[in-house]
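Since the structure comes first, as structure tokens, the remarks are kept for the end.
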Amino acid sequence: MTDPRVERLAGLLADYSLALREGQVLRIDSLDAGSPLVLALYGVALRAGALPYTNVSLSGLGETLLHHGSDEQLTYLSPIQWQEIEHLDALVTIWSETNTRALSRADPTRHAAYIAAQRKLSNRRWERISSGEMSWCGTLYPTNAHAQEAEMSLAEYEDFVFAACHVHEDDPAAHWQAVSAELRGRAAELGGVRELRIVGPDTDLRVGVEGRSWLAADGRYNMPDGEVFTSPIETETEGEIRYTFPAVYHGREVEDVRLRFEAGRVVRAEAARGDDYLQSLLEMDAGARVLGEVAFGLNYEIDRFTRNILFDEKIGGTMHLALGSGFPQTGGQNNSGLHWDMICDLRRDGEIYADGELIWKDGRFLAEPALEVVESGVHG
Amino acid sequence: MKPGVAEPPWTARHAEMGSNRLERLASVLVDYSTRIRAGDLVCIDTGPSAAPLVREIWRRVLEAGGHPHLRLDVDGAPELLLHEGSDEQMAWVSPLRRAESERADVRIAIEADVNTRANSRVDPERQAHAERAREPLRRVHFARVSAGDLRYVVTLYPTQAAAQDADMSLTEYEDFVFRAGLLDHDDPRSEWEALGRAYARLAAWLDERKEIRVVGDGTDLTLSVEGRTWVPCDGHENFPDGEVFTGPIETKVDGTIRFTYPSGYAGRRVSGVELEFRGGEVVRAEADEGAAFLREMLALDGGARRAGEFSFGLNEAVTEFTGQTLFDEKLGGTVHLALGASYPESGGRVRSALHWDLVCDLRNDSEVFADGELVYRNGRFLDGLL
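Here you go:
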């Protein structure tokens, strides 16, 4: 029998995240391990009168391509993929790995070549998503591989994932509508702030955000969700930060990262483990030393680090500050090949000041946001 | 496993045997059946249970310089569509399917059912609707095959569901499947080439005949085949293979034929089928099981009442009925007749959304006459015809 939480997640994705309508073409992307959610979503979409179809792959095929493919095969984009992308109204990506480390030993150069080729397709996809021609949501179906990364049993991990999505409750859409109103209110308030000061253990960082718009990540593009974010002024980050959680980039972990910023740029960086990797990523390009994102993680069902950015960046009571590319829709101007989310735990001994006023202590905003309805149009 | 404890020898050997057979099957499909060349876009069309074979084919296609593309049906999704889809949803062709059918250079379809009876309780009328919806894609497929733009092969990966239909354990069924493909031979490819030469000689001889009469238990059917082409099947479009078929003259099929074996079609089972033809059309149809479904399929469209294909099953390694058409229709000593669409290469002109192969066992008390001359008795051609 299907887990009722899987059925509710499928319903939430269709009704709330995508707002799927009759006649819309929906593609469901997943690996085979995500089949229960694929099937549930397919059924929900049929009942909604949409035109759903599945695009399911098997684990291990990408690895075979990386090992056996010629350069031409590695960078090949099939006309099937190109032809198809133009017809989609909605797309759901279900992450569902059976081995999160399968590519650990793949040749990094070949892997990079493969990713670069695929980026042409994903760029076209992002164009259609950002122009509002199609909707997209990324989510996760729990597997043992993800549970293993999180150091949990599968049953514990399922509880964790479904609670984070609020599908352990009867009416998750109502929850997310309330979250959305709250996050939008919070984003509107933060829009009036000129400078944030983050104070915590080995951390005292000033981030200029004047004139930048804050966006609410409220379950449209990700499920689970729960953050507000913007791109800081590129030249106005000053001070030091120590990241409590390991910083993970493309599956490699760097532990206990400490950064010192001057005039927006990292001038000193060190890590207890993986320092070489940290230094090499900072050298990637000119934009790699500049913050592209500052964000508050506000999903309090997510209460621990699980080595998966879909969840980690939303841990309630944390902030993440990403090195590398910014978000143009918030006013961000930093360009880089890097976008590396690093998470700072502020649940203990953490304080945040907005233009000198204390607004956050020990992982919580001090005041409720004004619940004004802000039509930002971002999710349109 | 504790250090120092050796793996039981049978474990290693068994695993090796298994993967060797799959590698061999993959290599035959890629190198022999579809002759994949550098640059070919290869669509592998199957379900998740065929994963071990997909992985082998994927690698072999890469080694041959092709671009593998996987389309995987989620188990249960087709049934959901049949149960819950509106007419419009059932008739809809996804952009992925469309792009695949228009763009692929090669299609490798692997049957891998997890439940061969999943549609037993679906309204036959809805199934007819779903069959009709597939017709445009089928037309694109055969047009591209005829034009030489598409090569394809249909094969089967052994699943518990198929083994259950065959009344076998999975291990027994795997042995059966690999034996039927001659994969237990050192060089399956040259075995198939040799069979292909023999089938081609038989086909050339049949090309000169005008009329075939089949006589057996409950069966006396006469088909005109004058001017039609007999096509030898040696592992290129079906694997395993082993038949020589043609498309009978559309208006000249007369008599009665009784199909000995139950037929699995579109996720349900029909048995005890008896058809009477007059002037090429079915005028009477009976079945012990699934009669309503049979009638619905016959009413599918104008071509569904006609015999689009007549064929001799010639694979001597398929010695028993297992409930899967891919194998049953190749069973050495049988003939089969398909209701619905012809294959253009035979000269047959029946067009239909249906192509339903029904198998008739001729291994006992049976005879076939060609232009009045006895040419086949109890499952075998006479006089060295094969």
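Protein chains in written order, with numbering that gives the first Met the number 0: chain A, 0 to 379; chain B, 0 to 385. Just so it is clear, CB atoms sit at the ideal spot from N, CA and C, and this is done for glycine as well.
Using a Cβ-Cβ cut-off of 6 angstroms (strictly less than) and excluding sequence neighbours within five positions of residue 306/B, which residues of its own chain qualify?
By one-based count along the second sequence, residue 306/B stands at place 307. So the list reads 247, 252 and 336, once near-sequence residues are dropped.
Report the neighbours of residue 68/B on chain A: residues whose CB is nearer than 9 angstroms to its CB, in chain order.
Residue numbering aside, residue 68/B sits at position 69 when the second sequence is read from its first letter. Per Cβ cutoff of 9 angstroms: 77, 79 and 80.
Could you tell me which chain B residues have their CB closer than 7 angstroms to the CB of residue 53/A, listed as they occur along the chain?
Here residue 53/A is taken as the residue at index 54 of the first sequence, counted from 1. By Cβ distance, chain B contributes 73 and 76.
Taking only the alpha-carbon atoms, compute the straight-line gap between residue 71/B and residue 94/B and give it to the nearest angstrom.
Position 72 of the second sequence, counting from 1, holds the residue named residue 71/B. Position 95 of the second sequence, counting from 1, holds the residue named residue 94/B. Roughly 15 angstroms between the two C-alpha positions.
Can you list the residues of chain B that residue 72/A reaches, using a CB-CB cut of under 7 angstroms?
As a working note, residue 72/A is residue 73 in the first sequence. Under the 7 angstroms cutoff, chain B gives 61 and 66.
Could you give the DSSP three-state label for residue 288/B: helix, strand or coil?
Translated into positions along the second sequence, residue 288/B becomes position 289. Note: residue 288/B maps to strand in three-state DSSP.
Give me the Cβ distance between residue 11/A and residue 223/A, rounded to the nearest whole Å; I'm assuming they're in contact under 8 angstroms.
For this step, residue 11/A is matched to residue 12 along the first sequence. For this step, residue 223/A is matched to residue 224 along the first sequence. Actually they do not touch by this definition, with Cβ atoms about 10 angstroms apart.
Using DSSP's beta-bridge definition, name the partner residues of residue 265/A.
As a working mapping, residue 265/A is identified with position 266 in the first sequence. Answer is 260/A.
Give me the Cα-Cα distance between residue 339/B and residue 380/B, rounded to the nearest whole angstrom.
For the purposes of this step, residue 339/B is taken as the residue at position 340 of the second sequence. For the purposes of this step, residue 380/B is taken as the residue at position 381 of the second sequence. Near 27 angstroms, if we compare the C-alpha coordinates of residue 380/B and residue 339/B.
Looking only at C-alpha atoms, which of 233/A, 146/A, 306/A and 327/A sits nearest to residue 285/A?
Residue mapping note: residue 285/A aligns to position 286 of the first sequence, counting from 1. When each option's Cα is compared against that of residue 285/A, the closest is 233/A.
Could you give the C-beta distance for residue 213/A and residue 189/A, rounded to a whole number, given that I count them as a contact under 8 angstroms?
On the first sequence, residue 213/A is found 214 positions in, with the first residue counted as 1. On the first sequence, residue 189/A is found 190 positions in, with the first residue counted as 1. With a Cβ gap of about 4 angstroms, residue 213/A and residue 189/A count as contacting.
Residue 54/A lies in the beta strand (DSSP E); which residues open and close that run?
The sequence position of residue 54/A within the first sequence is 55, counting from 1. 50-56 is the extent of the beta strand (DSSP E) around residue 54/A.
Taking 8 angstroms as the cut-off, does the stretch 190-209 of chain B touch the stretch 229-240 of chain B (at least 3 CB pairs, one atom from each stretch)?
Touching, per the Cβ criterion.
Strictly under 8 angstroms for the Cβ-Cβ distance: is residue 28/A near chain B by that measure?
Along the first sequence, one-based indexing puts residue 28/A at 29. No, no contact with chain B.
Quick check on this structure: which residue in 258/A, 252/A, 280/A and 260/A has the alpha carbon closest to the alpha carbon of residue 272/A?
Here residue 272/A corresponds to residue number 273 of the first sequence, with the count starting at 1. The shortest Cα separation from residue 272/A among 258/A, 252/A, 280/A and 260/A belongs to 252/A.
Count the CB pairs spanning the stretch 354-362 of chain B and the stretch 252-264 of chain B that are closer than 8 angstroms, and state whether there are at least three.
Verdict: yes, contact present.
Taking C-beta pairs closer than 8 angstroms, name the residues in chain A that residue 53/B reaches, listed in chain order.
The residue given as residue 53/B occupies position 54 in the second sequence. Near residue 53/B (Cβ distances below 8 angstroms), the residues of chain A are 57 and 60.
Relative to the C-alpha of residue 58/B, which candidate in 52/A, 65/A and 54/A has its C-alpha closest?
Here residue 58/B refers to the residue found at position 59 when the second sequence is read from its first residue. Comparing Cα-Cα distances from residue 58/B to each of 52/A, 65/A and 54/A, the minimum goes to 65/A.
What residue range does the alpha helix (DSSP H) around residue 128/A cover?
If you number the first sequence from 1, residue 128/A lands on position 129. 107-129 is the extent of the alpha helix (DSSP H) around residue 128/A.
For residue 206/A, which of 120/A, 178/A and 239/A has the nearest alpha-carbon?
Walking along the first sequence from the start, residue 206/A turns up at place 207. Here the closest residue by C-alpha is 239/A.
Residues in the stretch 29-43 of chain A with C-beta within 8 angstroms of chain B's C-beta atoms, listed in sequence order?
For the stretch 29-43 of chain A, which is checked against every Cβ of chain B, the residues closer than 8 angstroms are 31, 34, 37, 38, 41 and 42.
Please list, in chain order, all residues of the same chain as residue 115/A whose beta carbon is under 8 angstroms from its beta carbon, the five residues on each side excluded.
In the first sequence, counting from the first residue as 1, residue 115/A sits at position 116. The residues are 74.
Should the stretch 131-150 of chain B be called in touch with the stretch 286-294 of chain B, which here means at least 3 C-beta pairs below 8 angstroms?
Short answer: they don't touch.
Could you tell me which uninterrupted beta strand (DSSP E) segments, each at least 3 residues in length, are contained entirely in the stretch 166-248 of chain B, listed from first to last along the chain?
Fully enclosed beta strand (DSSP E) runs of 3 or longer: 210-215, 218-223, 230-232 and 242-245.
Which residues of chain A have a Cβ atom closer than 8 angstroms to the Cβ of residue 135/B, listed in chain order?
Sequence index remark: in the second sequence, residue 135/B carries index 136 (1-based). Per Cβ cutoff of 8 angstroms: no residues; residue 135/B is ~16 angstroms from chain A at best.
Closest to residue 373/B by CA distance: which of 109/B, 101/B and 210/B is it?
As a first step, residue 373/B is located in the second sequence; it is residue number 374 there, counting from the start. The residue with the shortest Cα to Cα distance from residue 373/B is 210/B.
Residue 102/B to residue 250/B, Cα distance in whole Å?
Here residue 102/B is taken as the residue at index 103 of the second sequence, counted from 1. Here residue 250/B is taken as the residue at index 251 of the second sequence, counted from 1. Straight-line Cα distance between these residues: approximately 36 angstroms.
Tell me, please, whether the CB atom of residue 46/A is closer than 8 angstroms to any CB atom in chain B?
Here residue 46/A refers to the residue found at position 47 of the first sequence. Chain B contact via Cβ: present.
Below 8 angstroms between beta carbons: does that hold for residue 209/A and residue 216/A?
Against the first sequence, residue 209/A aligns to sequence position 210. Against the first sequence, residue 216/A aligns to sequence position 217. No, Cβ-Cβ distance for residue 209/A and residue 216/A is not below 8 angstroms.
When you compare only the Cα positions, how much space is there between residue 140/B and residue 149/B?
For this step, residue 140/B is matched to residue 141 along the second sequence. For this step, residue 149/B is matched to residue 150 along the second sequence. Cα to Cα, residue 140/B sits roughly 8 angstroms from residue 149/B.
Give me the residue from 117/B, 238/B and 106/B with the minimum Cα distance to residue 147/B.
Working through the second sequence from its first residue, we reach residue 147/B at position 148. Residue 147/B has its Cα closest to that of 106/B, out of 117/B, 238/B and 106/B.
When DSSP builds the beta bridges, which residues end up paired with residue 92/A?
Counting from one through the first sequence, the residue named residue 92/A turns up at place 93. 28/A and 137/A, per the DSSP bridge assignment.
Buried or exposed: which applies to residue 357/A, given that a residue is buried once 16 or more other Cβ atoms fall within 10 Å of its Cβ?
The residue you call residue 357/A lines up with position 358 of the first sequence. Exposed, since its Cβ has fewer than 16 Cβ neighbours within 10 Å.
At the level of alpha carbons, what is the spacing between residue 261/A and residue 204/A?
The count along the first sequence starts at 1 and reaches residue 261/A at position 262. The count along the first sequence starts at 1 and reaches residue 204/A at position 205. So the two alpha carbons sit approximately 10 angstroms from each other.
Distance cutoff 8 angstroms, beta carbons only. Does residue 10/A sit that close to anything in chain B?
By 1-based counting over the first sequence, the position of residue 10/A is 11. Chain B contact via Cβ: absent.
Take the Cβ of residue 328/B as the centre, count every other Cβ of all protein chains shown within 10 Å, and call the residue buried at 16 or more, exposed below.
Position 329 of the second sequence, counting from 1, holds the residue named residue 328/B. With 16 or more other Cβ atoms within 10 Å, it is buried.
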